[in-house]
Structures are given as structure tokens and as C-alpha cells.
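Residue numbers (this note's numbering), protein chains in the order written: chain A, 3 to 323; chain B, 11 to 302.
Note that CB positions come from ideal geometry on N, CA and C, so glycine has one too.
As the structure is a prediction and not an experimental result, all values here were calculated from the model.
One structure is given here, and the rest of the page talks about it.
Set out below in C-alpha cells:
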């Protein structure tokens, strides 16, 4: 089929300036192979990334017709829109030339923070079942599509992002590893697992179904179970998660006022931060000064917390032993 | 007549009273019969670990199941989190453990049959858009609404179950005579979960979404989640300041938009309670009966 290939060579993501090339191509050809074809037959100066061309290396990620794709996994026939395939660089990495991005700074450097290999803990042979979650995370090719979708990276490039946190998961859940708590503490620093807003974009964007958002949530739960208090290196995260838990444990539901005050750092700091909006909300009848009351069933919910505390305490002791 | 076990969630009983009140009015108009659940806990909101939220939500699901009713939520975070628990509890081994360890003492048991539905879904699937259309007394013609789903109502697909649910906000706005003003971040996070953790990130998200809507000509934004409302209404002033621009975009709850089209009084629907003024928006509404 006849396709117009458009390469962004200048301009911005919102206002791209394209170079255009016409080429006859089999619809079953991968987008990546077609781009290579354009470069080989029409313009040798075009720059883009790519390596294995079989969905293994994660190098050829691009924005194609506005959607982010691992280009070697997509066919021209399914991707083209009205005979056009327009490629742009991914949004979170600086561009080196054309659509070729600097993959190191915003992907590899972050992944490498969590890439220290297994430190053996003397664990004997591991059952297949026990390794299954780890093996799932090991299938990550670091294509960066999850980071491309990430809501937080969109506003803060320093957030480690789901790709790097998937690497954290891979080691933090390995039963053979001897430094799990240490890894979880590292992952709990600012810009780590507790800065994720669990919007599920990463899970939706992963082309391999690895569910990175789920992995981050599981890593948080594991951090807590390993005695790494929520938001270990991020005090405001710790205050928020702890006060939330205490509120539900005490009354069965959320005491918004108390949680907000505690999260902002207590009565004085929280009070100062919340005062302007709080007063407007009171005046407009959005907030009230009614005291927070216990919900019917609060006793039963408290018991759920007590059983949970007992089991995490038992797990902690077992890990220490 | 459709009956539901109604789970209002913490925020509609707290800082978003206008959501609860507008929903109850609109539900009555649609003949939805609500059995409000009192003896239930917070869903966990993605903050509590699954080891805690699954038993708390299993308790809620078991109570709805005992009433033989689907669970109705008006908060997408409650919807997503309880839906996520329900999905995990569909595994018989996990369900049996939660029943045995947590619910049995109270004489409860969850058999895994409760359907969890957001009001937006129930309005399209149980009430039906034709019925909604037929009740419009004040079409929202000439007004642009940016749909903002936030995190939970479009994902994950195994929790939302039906892909067509990803477009219900747009479908409802059209049924009410309004125009959709699409924005790129409609399925992204509003910023609320990280407001007290990383305020800079949080306000940047809010400024980005609301700013884009204003730039594209939206008159208001529609949200199915009171947490999005707390953020994008309550923090919009600070977000605009941080971004160095003017925004002033009214943020409306789904039942408020529906209620307006059904001819209800903006004040009764709680529009005057918002922190971002809705006066200019309300002034643009047609009189009841116009063009219907």
C-alpha cells in the first residue's frame, strides 16, 4: 500500500515540522522496518532509535500518529491513518536529532537506580510458583511506554516512573534476595513508589501486559509489610498514609479534616496551609465544623485492622528471625 | 424502578455535600430507589493496602449481596477501589480466606456476586439515555463541557469491564444537549492523591487539565469523582497562581450537570458552594422549558 511517512525534524510536539516521504509498503510490514526502509531508500540522514526489531529491546518507542508505540510491534496496515504514518519523538526525553531521543537520562539512569543484582540470602531451590511474579516483571523490555503515559512524569521529570519501579519490583519480590528491606527503603525515597498517583495509565500503556501500576501498588504493600513505614524517605507521604490509616481504624471512615491537617504537618502548619481555602469553603457551606463521628460498624472495621496489624507483625518477626 | 445499595463514600458526606444532595435529587427524578448503606467502611481509596481494603470492601459487598442489590457508588475512586477488591475477591481461594479470617466472626459471608456500579454507568445502562433525554427540560445547548474521567473510570479494563464505559461522560453530555470539549488529560490523574505529598506535582496537574479546557473554550468541566472536585475546584486558585495564568473554570459533579438539564435550580444542586465561582456559567443557562 502507498503510505506517506512524516518525520518530525523540527518544531515542537504540539506544532511539529515534518519531512514527508512516499513509499509503497506491504501492510504487514512493521512500522519500524518501514521507517528503516524510508531511511535506506530515500533519506539517509533520518535519525531514530531501534535495535532488535522483535519486541525485545524496547529501543524503538515513538509517538506514531499521536499514540505511543513500540514501533517494531505494530504493522503499517493497522497503524496508518488515511494512508499516513506520522512519527514524533516520545515526550519525556530530550531529542538528540529528528525523532531520536536521549534514552539515558530519563529512562536508563532511573532504571539503574534499582538494577543492583540479587544479593543471595541462602534460599534453596525456588518453586516455579514463587518466582512467577518476578518473572513477569523480568519480561519488561524498558520500552518506556509506561513512562510515556505516566501522569506524574508529565509534570515532574524527576519522578522515577513506572519503568524504573518495575525494576525495583523485580528485585524486591525475589525470594532469593537478602536486601529486600533496603531496596524498599530506597524505593520509598522522594520520587519513588509513594509519589505514584496510581492513575493506571502505566498499566494501560504497557504493550506486554505487565501492569506496572499494579506492581507499584504491590511494592507499596510489601514495603509496609517489611516494616518500611509508608513514605519512608518522604515525610509528607508518611504523614498522609499514616493519618489516613489511623482515621479509618478509629472511626471506620475518613476524617478529611484530621487527615488533611496531619498530612500537611500538624495543626499549626496544616492550619496555615488550609486556612484560606478552608474559610472560603466554610463561608460557602462546602465545609462544616460538625465533629467527625464514628460510623456504625466502626468496631468491626477496627477488628480488621487489629488482625492486619497482628499478621504484619508476625511477618516482620519471621523476616527478622 | 431500579433499586440499589447506595454507597455514598466519605467525601460526599464530608467536603462535597453538594454531590450527595444533587445525586439524591437526580436519582429520585430517574426513579432510582436507594437503600443507603450506613454500616460500611471507607473503601481505602488506593491509600490503604489491599490486605486491609479487601476485607473492608468484602464486608460492604457482602451487605449489598445480602440485600440482593447491586452496589451504587457516586465516587470513581470508591468505584475503582471497591471494583478492584471485587475482582480480587472473584478468586475463590482469596475470598474464602477473607471470609474466614475477617467476615465469619460477624456472621457475614461474601459469595462474590455483587455488581459494583458508578452512578454514571447506572444512568446509561439502567436508566437509559433515551429516558435521560426525555426528561431534559433545559437543554445545555451552547455550553461546552470538558469531560474529566480521572484515574478510575477508564481503567484498569478488567475492573471497568466494558470498554464502552470509557465514553459515557461524553454520551451523557450529548444527551443533555451540551457540547464536549475534549482534552488530552481527561483520563489522567487530577493531582489530588499527591496534594499533600508533592504539592508542586499536584498543582501542575490541575493547572494542565483545567488550563487546557479553558484554552479550548470549555465553559465547565464535568467530574465523576469528588476527589477530582476537591482538587480542581478547591485548589484551582493555587494551581493557576503556580502556573502563572488565569483559569476560573467551574468544576461540576455529574449529577449537578444532569440536574441542571432536568430543570433543577442551580442553588438546590449546590453550585453556589463551589470555591470556583459558577455565577458566569449559571448566567449562560437557558430558562427552563426553552427549546425542550
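key: Span separating the alpha-carbon of residue 79(A) from that of residue 25(A)   = The count along the first chain starts at 1 and reaches residue 79(A) at position 77. The count along the first chain starts at 1 and reaches residue 25(A) at position 23. Those two C-alpha atoms are separated by around 13 Å.
message = Just to make sure I have the definition right: I need the residues of chain A whose C-beta is within less than 9 Å of the C-beta of residue 214(B). Which are they?
response = On the second chain, position 204 is the one that residue 214(B) refers to. Listed by position along chain A, the residues whose Cβ is nearer than 9 Å to that of residue 214(B) are 156, 157 and 158.
query = So, is residue 12(A) buried or exposed, given that buried needs 16 or more other C-beta atoms within 10 angstroms?
reply = Working through the first chain from its first residue, we reach residue 12(A) at position 10. Classification of residue 12(A): exposed, given that the 10 Å Cβ count is below 16.
request  = Along the beta strand (DSSP E) that carries residue 5(A), what are the first and last residues, could you check?
outcome  = By 1-based counting over the first chain, the position of residue 5(A) is 3. Its beta strand (DSSP E) spans residues 4-13.
Minimum Cβ-Cβ distance from residue 287(A) to chain B less than 7 Å = For the purposes of this step, residue 287(A) is identified with residue 285 of the first chain, where counting begins at 1. Residue 287(A) counts as touching chain B.
ask   = Can you list the residues of chain B that residue 303(A) reaches, using a CB-CB cut of under 7 Å?
value = Working through the first chain from its first residue, we reach residue 303(A) at position 301. Near residue 303(A) (Cβ distances below 7 Å), the residues of chain B are 51 and 66.
Residue 296(A) versus residue 305(A): straight-line alpha-carbon distance, rounded = Here residue 296(A) corresponds to residue number 294 of the first chain, with the count starting at 1. Here residue 305(A) corresponds to residue number 303 of the first chain, with the count starting at 1. If I take the Cα positions, the gap works out to 14 Å.
ask   = When you compare only the Cα positions, how much space is there between residue 28(A) and residue 201(A)?
value = As a working note, residue 28(A) is residue 26 in the first chain. As a working note, residue 201(A) is residue 199 in the first chain. Answer to the nearest angstrom: the Cα atoms are 38 Å apart.
key: Contacts of residue 283(B) in chain A (Cβ-Cβ under 7 Å)   = Residue 283(B) sits at position 273 when you count from the first residue of the second chain. Identification of chain A residues near residue 283(B) by a Cβ-Cβ cut-off of 7 Å yields 286, 287 and 288, ordered along the chain.
Contacts of residue 207(B) in chain A (Cβ-Cβ under 8 Å) = Residue 207(B) sits at position 197 when you count from the first residue of the second chain. Neighbours of residue 207(B) on chain A, chain order: 196, 197, 233, 236, 238, 239, 242 and 265.
message = For residue 40(A) and residue 7(A), which I take to be in contact (beta-carbon distance under 8 Å), what is that distance rounded to the nearest angstrom?
response = Within the first chain, residue 40(A) is the residue found at index 38, counting from 1. Within the first chain, residue 7(A) is the residue found at index 5, counting from 1. That pair is a contact at about 5 Å.
inquiry  = According to DSSP, simplified to helix, strand and coil, what is residue 302(B)?
reply    = Taking the second chain and counting its residues from 1, one reaches residue 302(B) at position 292. Legend: pLDDT at residue 302(B) = 49, less than 50; position of this residue unreliable, no value from coordinates given.
query = Can you check whether the CB of residue 231(B) is closer than 7 Å to the CB of residue 282(B)?
reply = As a first step, residue 282(B) must be located in the second chain, where it is residue number 272. As a first step, residue 231(B) must be located in the second chain, where it is residue number 221. If you check the CB distance, residue 282(B) and residue 231(B) do not come in under 7 Å.
key: Residue of 297(B), 255(B) and 234(B) minimising C-alpha distance to residue 266(B)   = Locating residue 266(B) in the second chain gives position 256, counting from the first residue. Closest by alpha carbon: 234(B).
key: Nearest-angstrom beta carbon gap, residue 271(B) and residue 146(B) [assumed within contact, 8 Å]   = On the second chain, position 136 is the one that residue 146(B) refers to. On the second chain, position 261 is the one that residue 271(B) refers to. Right, their Cβ atoms sit about 5 Å apart.
query = Under a CB-based cut-off of 7 Å, is residue 116(B) close to chain A?
reply = Here residue 116(B) corresponds to residue number 106 of the second chain, with the count starting at 1. Using a CB distance cut-off of 7 Å, residue 116(B) counts as an interface residue toward chain A.
inquiry  = On the DSSP bridge list, what partners appear for residue 77(A)?
reply    = In the first chain, the residue the question calls residue 77(A) occupies position 75. According to DSSP, residue pairing for residue 77(A) in a beta bridge involves 32(A).
ask   = Is residue 190(B) near residue 157(A), with beta carbons less than 7 Å apart?
value = Here residue 190(B) refers to the residue found at position 180 of the second chain. Here residue 157(A) refers to the residue found at position 155 of the first chain. Going by beta carbons, residue 190(B) and residue 157(A) fall outside the 7 Å limit.
ask   = Looking only at C-alpha atoms, which of 195(B), 54(B) and 12(B) sits nearest to residue 132(B)?
value = For the purposes of this step, residue 132(B) is identified with residue 122 of the second chain, where counting begins at 1. Nearest of 195(B), 54(B) and 12(B) to residue 132(B), Cα basis: 12(B).
message = For a contact defined as C-beta to C-beta under 8 Å, what are the partners of residue 204(B) on chain A?
response = Residue 204(B) sits at position 194 when you count from the first residue of the second chain. Those within 8 Å of residue 204(B) in chain A are 154, 197 and 199.
query = When burial is assigned at 16 or more other CB atoms within 10 Å of the CB, is residue 141(A) buried or exposed?
reply = The sequence position of residue 141(A) within the first chain is 139, counting from 1. Taking every protein chain shown into account, the CB of residue 141(A) has fewer than 16 other CB atoms within 10 angstroms, so this residue is exposed.
ask   = Nearest to residue 2(A) by CA position, among 208(A), 241(A) and 129(A), is which residue?
value = Residue 2(A) lies beyond the residue range present for chain A, which begins at 3 and ends at 323; the question has no answer from this structure.
ask   = Which stretch, first to last residue, makes up the alpha helix (DSSP H) that contains residue 134(A)?
value = Taking the first residue of the first chain as 1, we reach residue 134(A) at position 132. Start and end: 130-140.
Cβ-Cβ separation, residue 150(A) to residue 93(A) (assumed contact under 8 Å), whole Å = Along the first chain, one-based indexing puts residue 93(A) at 91. Along the first chain, one-based indexing puts residue 150(A) at 148. Between residue 150(A) and residue 93(A) the Cβ distance is about 7 Å, and since that is below 8 Å, they are a contact.
query = Can you check whether the CB of residue 246(B) is closer than 7 Å to the CB of residue 220(B)?
reply = Numbered from 1 along the second chain, position 210 holds the residue referred to as residue 220(B). Numbered from 1 along the second chain, position 236 holds the residue referred to as residue 246(B). Taking 7 Å as the Cβ cut-off, residue 220(B) and residue 246(B) qualify as a contacting pair.
task = For residue 112(B), decide whether its Cβ has a neighbour in chain A, counting only Cβ atoms nearer than 7 Å.
result = Translated into the one-based positions of the second chain, residue 112(B) becomes position 102. Chain A, which has a Cβ nearer than 7 Å to the Cβ of residue 112(B), makes this yes.
request  = With DSSP as the reference, label residue 171(A) as helix, strand or coil.
outcome  = Taking the first chain and counting its residues from 1, the one referred to as residue 171(A) is at position 169. Assigned with DSSP and collapsed to three states, residue 171(A) falls in helix.
ask   = If you check the beta carbons only, do residue 83(B) and residue 17(B) fall under 7 Å apart?
value = For the purposes of this step, residue 83(B) is identified with residue 73 of the second chain, where counting begins at 1. For the purposes of this step, residue 17(B) is identified with residue 7 of the second chain, where counting begins at 1. It is a contact, given that the beta carbons lie within the stated cut-off.
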